[in-house]
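Asks: One structure, as structure tokens, below. Some questions next.
Protein chains in written order, with the numbering used here: chain A, 4 to 104; chain B, 1184 to 1832.
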């Protein structure tokens, strides 16, 4: 069994990587990818802390929920990205500036 | 005469007098208003209107002649309770002048249609000719000194514009300016005279003035006023100190010279002398006589050595005017007027004939593309075969000028001599008489020299030019005027001046001895002229040609000091008066600059500063919401991190 802090380090690394991708990457699909990474980092933390209470599946259940939410979020997000791409011929949010003054 | 009595209706007469005055003004108005495209119409309508004016003048003269004085006055304006009136005073003098002015003006108009044909500014010329005539008729008709003064000034103005008609010629402009300025000098005196008359009699009306003067004893002011008015006369009629403008005025077109010399300009002075005769005291008359005879002698001498034919004529006019003024100085104003009238005809004829010579030679010169001074007598000579008509008119009018028997000049000079002899009673007065005879002698000399110089001898420069007589429209007026130089126009007896014209109480008695003497005198002068001028001119002298350097004296002692003084005042004006104004202006501009700076920097600065603060705040807060989603995330994460650090540490 892995010590919990190793998992936390990994989670922190994943979260930071996801955050960085979300902030830095220009393409909306990559941003969604970053979001997935962050959600998975959260999952990792949930699982890691669930190890501290062996009798309760709360953490794992929560992680499952997160996966479901992430799936639906990606489905919706990709659909939006697809629509945006169809409409604006681009998937880069910075290039969509119709509402900008 | 029944028909005369029928016509003798003051209202009709007034209408005709008014027409005489206003038709030339109408000609001026038409000329001034018509557009340049219809300029040819002016050359037709101006002589026609002046002809109508001449006809009305003749009607007025025919009805009013010998019937005393008809005053017509209407109130003009009122100042402080004094009413100034404008009106006519028709008497023998004025109706006679009326006819002469319109007649000469009409003939000059007709002549000018030929002479000025092709002149680019012909419209302006005829316009001003009409104005000139109008102004002169105004002087002739006016019944009060104030109106006379107004028209007097208008005459001066019109002559100035006409002398300077060819405004591309610098000499013409200088001559026009000189004529204007010298007339101003005389008119300054006239104006002082006006004030003296007004303050002492309280009226400007000629008749009222005469009545007022008859009532009171002769005062010193009256002599002063008479001399002041004579000063104006000296300016306009070119008398001794102020005559130098007239020879220079020859720069104008020749018909204008004829008009100035015969009817409209210099005649005004003599006419005013006659009109104002009642104001002249014996002392003033002596001054008038001496000035006149001095002018006559100086100008006659100057005429002897001129080369320019028009200048000879100009000096002869001055000389003849001097004789008229001298005659007026004896108190024989009617005699002065007689000479004025005879002189008007023969001098107009001489000028128009000289104009014909100039015109003809100029045309020939123009065709041959030659260049020489056509007015210089040294270039002329031998033209009697080429211009026989002009030769005859020149001889006729020249004989009248020289005072040869059977010509009008003889009659009027005879009258002048009678007046002078009747007046001479002491030493210096006899000197004046002798000088007058001397002038008459000199007149014969210079007239002979001029005619000989133009027409006799052989042709020199002009020999190979095509010279022809001017057209009929120019010859007809000359012929008419030459006809009026003969004796019977003025008196039936060629040796006695008592004709229809002289009907004045001061008529000098006729001396048969004087007639014989002056006839012999003129014939002697003619013989002497033939002898003296058989080869070259012995009077060739720069002193005479420059009229005793009178102009140089004016230049040295009057013009230059005046210019120096005006230079000093100009500098003072420029440096001090303008300097003060400039300093004030600079001060104001400086203050204004400071105020503008304060306004711009402090007041506007406060407002702009507040606006700028709001703007920069807005821009700063706006910068967080630039529509970049990832930036939002960045800020949110950053804030959370800061919040965490703040709460946890």
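Idealized CB from N, CA, C, for every residue including glycine. Predicted, not measured: the structure shown is a model, and the values here were computed from it.
(1) Does the CB of residue 1813 of chain B have a neighbour CB from chain A at under 8 Å?
(2) Using a threshold of 7 Å, is the CB atom of residue 24 of chain A nearer than that to any non-hydrogen atom of the ligand NAD?
(3) Quick one, which of B:1273, B:1212, B:1751, B:1633 has its alpha-carbon nearest residue 1199 of chain B's?
(4) Which residues share a DSSP beta bridge with residue 1254 of chain B?
(5) State the CB to CB distance for the pair residue 1656 of chain B and residue 1255 of chain B, rounded to an integer number of angstroms; the pair is presumed to be in contact (CB under 8 Å).
(6) Residues of chain B with a CB under 7 Å from the CB of residue 10 of chain A: which are they?
(7) Does the beta carbon of residue 1817 of chain B come closer than 8 Å to any beta carbon on chain A?
(8) Would you kindly work out how many angstroms separate the C-alpha atoms of residue 1398 of chain B and residue 1381 of chain B, rounded to a whole number?
(9) So residue 1820 of chain B contacts chain A; which residues on that side make the cut at Cβ distance below 8 Å?
(10) By how many angstroms is the C-alpha of residue 1317 of chain B removed from the C-alpha of residue 1243 of chain B?
(11) Tell me, please, which residues DSSP counts as bridged to residue 1590 of chain B.
(12) Check whether the Cβ atoms of residue 1422 of chain B and residue 1312 of chain B lie closer than 8 Å to each other.
(13) Could you pull out every residue in the same chain whose Cβ sits closer than 8 Å to the Cβ of residue 1622 of chain B, ignoring the five residues on either side in sequence?
(14) Is it true that the CB of residue 18 of chain A sits closer than 8 Å to the CB of residue 44 of chain A?
(15) Just to check my reading of the structure: residue 1665 of chain B and residue 1603 of chain B have Cβ atoms closer than 8 Å, yes? What is that Cβ distance to the nearest angstrom?
(16) So which of B:1513, B:1553, B:1546, B:1500 has the shortest CA-CA distance to residue 1531 of chain B?
(17) Taking 7 Å as the limit between beta carbons, can you name the residues of its chain near residue 1822 of chain B, skipping five residues before and five after?
(18) Which of the three DSSP states is assigned to residue 1327 of chain B in this structure?
(19) Could you compute how far the alpha carbon of residue 1636 of chain B sits from the alpha carbon of residue 1446 of chain B?
(20) So what does DSSP say about residue 1525 of chain B, is it helix, strand or coil?
(21) Could you tell me whether the Cβ of residue 97 of chain A comes closer than 8 Å to any Cβ of chain B?
(22) Whole-angstrom Cβ separation of residue 1409 of chain B and residue 1472 of chain B, contact assumed at under 8 Å?
(23) State whether the segment 1223 to 1235 of chain B contacts the segment 1292 to 1307 of chain B, with contact taken as three or more CB pairs (one from each stretch) at a distance under 8 Å.
(24) Taking all protein chains shown into account, decide if residue 1498 of chain B is buried (16 or more other Cβ within 10 angstroms of its Cβ) or exposed.
(25) So residue 1590 of chain B and residue 1668 of chain B are in contact, right, with Cβ under 8 Å, and what is the actual spacing, rounded?
(26) Can the beta-carbon of residue 1419 of chain B be found closer than 8 Å to that of residue 1448 of chain B?
(27) Using C-beta distances below 8 Å, list every residue in its chain close to residue 1688 of chain B, excluding the 5 sequence neighbours before and after it, in chain order.
(28) Mapping DSSP to helix, strand and coil, what is residue 1261 of chain B?
(29) Tell me the DSSP bridge mates of residue 1266 of chain B?
(30) For the candidate residues B:1556, B:1586, B:1463, B:1508, whose alpha-carbon lies nearest to that of residue 1705 of chain B?
(31) Please state whether DSSP places residue 1469 of chain B in a helix, a strand or coil.
Replies: Once the coordinates are examined:
(1) Numbered from its first residue, the second chain carries residue 1813 of chain B at position 630. Closer than 8 Å: yes.
(2) Here there are no bound small molecules, and the ligand NAD is not part of this structure.
(3) Reading the second chain from its first residue, position 16 is the one you call residue 1199 of chain B. Looking at the Cα atoms, B:1273 is the closest of the given residues.
(4) Position 71 of the second chain, counted from the first residue, corresponds to residue 1254 of chain B. According to DSSP, residue 1254 of chain B bridges with B:1272.
(5) Against the second chain, residue 1656 of chain B aligns to sequence position 473. Against the second chain, residue 1255 of chain B aligns to sequence position 72. 37 Å between Cβ atoms; not a contact.
(6) Here residue 10 of chain A refers to the residue found at position 7 when the first chain is read from its first residue. Here the premise fails: no neighbours, minimum Cβ distance about 21 Å.
(7) Here residue 1817 of chain B corresponds to residue number 634 of the second chain, with the count starting at 1. Output row for residue 1817 of chain B: interface = yes.
(8) Within the second chain, numbered from 1, the residue matching residue 1398 of chain B stands at position 215. Within the second chain, numbered from 1, the residue matching residue 1381 of chain B stands at position 198. Those two C-alpha atoms are separated by around 16 Å.
(9) Within the second chain, numbered from 1, the residue matching residue 1820 of chain B stands at position 637. What residue 1820 of chain B touches in chain A: 22, 26.
(10) Along the second chain, one-based indexing puts residue 1243 of chain B at 60. Along the second chain, one-based indexing puts residue 1317 of chain B at 134. Their Cα atoms are separated by approximately 16 Å.
(11) Locating residue 1590 of chain B in the second chain gives position 407, where the first residue counts as 1. For residue 1590 of chain B, which the question treats as bridged, DSSP gives the partners B:1669.
(12) Residue numbering aside, residue 1422 of chain B sits at position 239 when the second chain is read from its first letter. Residue numbering aside, residue 1312 of chain B sits at position 129 when the second chain is read from its first letter. No, the pair does not count as a contact, with Cβ atoms beyond the cut-off.
(13) By 1-based counting over the second chain, the position of residue 1622 of chain B is 439. Same-chain partners within the cutoff: 1476, 1479, 1480, 1483, 1502, 1505, 1506.
(14) Residue 44 of chain A sits at position 41 when you count from the first residue of the first chain. Residue 18 of chain A sits at position 15 when you count from the first residue of the first chain. Yes.
(15) For this step, residue 1665 of chain B is matched to residue 482 along the second chain. For this step, residue 1603 of chain B is matched to residue 420 along the second chain. The Cβ separation is near 28 Å, so there is no contact.
(16) Position 348 of the second chain, counted from the first residue, corresponds to residue 1531 of chain B. Ranking B:1513, B:1553, B:1546, B:1500 by Cα distance to residue 1531 of chain B puts B:1500 first.
(17) What you label residue 1822 of chain B is simply residue 639 of the second chain in a count that begins at 1. The answer is none, since no qualifying residue turns up.
(18) Taking the second chain and counting its residues from 1, the one referred to as residue 1327 of chain B is at position 144. In the structure shown, residue 1327 of chain B sits in a strand (DSSP, three-state: E or B).
(19) The residue labelled residue 1636 of chain B in the question sits at position 453 within the second chain. The residue labelled residue 1446 of chain B in the question sits at position 263 within the second chain. Roughly 27 Å separates the two Cα atoms.
(20) Start at 1 with the first residue of the second chain, and residue 1525 of chain B comes out as number 342. In the structure shown, residue 1525 of chain B sits in a helix (DSSP, three-state: H, G or I).
(21) Counting from 1 along the first chain, the entry for residue 97 of chain A is found at position 94. So yes, residue 97 of chain A belongs to the interface.
(22) Working through the second chain from its first residue, we reach residue 1409 of chain B at position 226. Working through the second chain from its first residue, we reach residue 1472 of chain B at position 289. So it is not a contact: roughly 13 Å between Cβ atoms.
(23) yes
(24) Position 315 of the second chain, counted from the first residue, corresponds to residue 1498 of chain B. Flag for residue 1498 of chain B reads buried.
(25) As a working note, residue 1590 of chain B is residue 407 in the second chain. As a working note, residue 1668 of chain B is residue 485 in the second chain. Indeed, because the Cβ distance is near 6 Å, the residues count as touching under 8 Å.
(26) Counting from one through the second chain, the residue named residue 1419 of chain B turns up at place 236. Counting from one through the second chain, the residue named residue 1448 of chain B turns up at place 265. Yes, they are a contact pair.
(27) Here residue 1688 of chain B corresponds to residue number 505 of the second chain, with the count starting at 1. Confidence in residue 1688 of chain B is poor, its pLDDT being 48 and thus under 50, which makes the residue's placement unreliable; the coordinate value appears in the next sentence. For residue 1688 of chain B, where only same-chain residues beyond five positions count, there are no Cβ hits under 8 Å.
(28) Mapped onto the second chain, residue 1261 of chain B falls at position 78. It is a strand residue.
(29) Numbered from its first residue, the second chain carries residue 1266 of chain B at position 83. DSSP, once it has assigned bridges, lists B:1261 as partnering residue 1266 of chain B.
(30) For this step, residue 1705 of chain B is matched to residue 522 along the second chain. The shortest Cα separation from residue 1705 of chain B among B:1556, B:1586, B:1463, B:1508 belongs to B:1586.
(31) The residue given as residue 1469 of chain B occupies position 286 in the second chain. It is helical.
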